[in-house]
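Participant:
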Amino acid sequence: LREALATAHVSLAGSPAVVRAAARLGSPLAEPRSGAQWLPPLAELARARAWRVAVVSDRPHVSERAAGVLRDTYGLLAVGVAAPDVPATGRGPWVERLIERLALTRPDLVWVALETPAQELFCLRAAALLPSAVWVGVGPALESLLESLKEGRSGASRWRAGWAPLRWLRQRWAFLRVLASASPLPAR
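For the sequence shown, the working numbering assigns the number 19 to the initial residue and increments by one for each residue that follows.
Written as structure tokens, this is what we have:
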């Protein structure tokens, strides 16, 4: 997990647990946001660049629903791939076959919604085997976004308006670099 976090080009996080942990480490986050708030801007970018998108999830029907939302809401060429049996190590023969299936779709962007650490380790392995795609671990943010769109609580324009400023991104990156380091957590 440390390797996956340390080698990621960008790591964003945003759950209540992360906000509490950052405060405990003495680096409180000025603007806590849910991870779902950065997904719509990423979908907008994918649309602007005409990227092919694949969505991978271990939850039943989530990948298919998310791909449908990306097609309907953003006009993206998107496909959902169910991945119910990804091991916590993110490796194995089944994972290799899954990555081969994903390669057939020739994705430019892959959203991965798995449990930690399987998500991060799967992305690390998949990026090594399919380096032409951008791999994004979205975790539960994907389901959160789907639920909010389904309930009509907010549309894409409202999500865009809530896009995090650069300072927020830098804080999360610094926090995750602390988590990835070998140093122990400071005593409270």
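Note that beta-carbon positions come from the ideal geometry of N, C-alpha and C, so glycine has one too. Nothing here was measured: the structure is a model prediction, and the numbers come from that model.
Under the rule that 16 or more other beta-carbon atoms within 10 Å means buried, what is L132, buried or exposed?
Facilitator: Translated into the one-based positions of the sequence shown, residue 132 becomes position 114. So L132 ends up on the buried side.
Participant: Looking at the unbroken alpha helix (DSSP H) that takes in L147, where does it start and where does it end?
Facilitator: Against the sequence shown, residue 147 aligns to sequence position 129. Segment A136 to L147, the alpha helix (DSSP H) holding L147.
Participant: Would you call the stretch 103 to 117 and the stretch 133 to 145 touching, i.e. three or more CB-CB distances under 8 Å?
Facilitator: Contact holds: three or more Cβ-Cβ distances are below 8 Å.
Participant: Apply the 10 Å Cβ neighbour rule to R67 and answer buried if 16 or more other Cβ atoms are within range, or exposed otherwise.
Facilitator: The residue given as residue 67 occupies position 49 in the sequence shown. R67 should be labelled exposed.
Participant: Within the same chain, show all residues whose beta-carbon is closer than 6 Å to that of L95, passing over the 5 residues directly before and after it, in chain order.
Facilitator: Residue mapping note: residue 95 aligns to position 77 of the sequence shown, counting from 1. Hits under 6 Å: R70.
Participant: On the criterion of 16 or more Cβ atoms from any shown chain inside 10 Å, does G146 qualify as buried, or is it exposed?
Facilitator: Position 128 of the sequence shown, counted from the start, is the residue given in the question as residue 146. Reading the sequence as shown, one finds Ala at residue 146 and not Gly. Exposed, since its Cβ has fewer than 16 Cβ neighbours within 10 Å.
Participant: A84 and G98: beta carbons closer than 8 Å?
Facilitator: Numbered from 1 along the sequence shown, position 66 holds the residue referred to as residue 84. Numbered from 1 along the sequence shown, position 80 holds the residue referred to as residue 98. In this structure, G98 lies closer than 8 Å to A84 by Cβ.
Participant: Considering only C-alpha positions, which residue in the set A136, E21, W112 and V74 is nearest to A100?
Facilitator: In the sequence shown, counting from the first residue as 1, residue 100 sits at position 82. Among A136, E21, W112 and V74, the Cα nearest to that of A100 is on V74.
Participant: Between the beta-carbon of A41 and the beta-carbon of L127, is there less than 8 Å?
Facilitator: As a working note, residue 41 is residue 23 in the sequence shown. As a working note, residue 127 is residue 109 in the sequence shown. For A41 and L127, no; Cβs fall outside 8 Å.
Participant: With DSSP as the reference, label G155 as helix, strand or coil.
Facilitator: As a working note, residue 155 is residue 137 in the sequence shown. Residue state, collapsed to three classes: strand.
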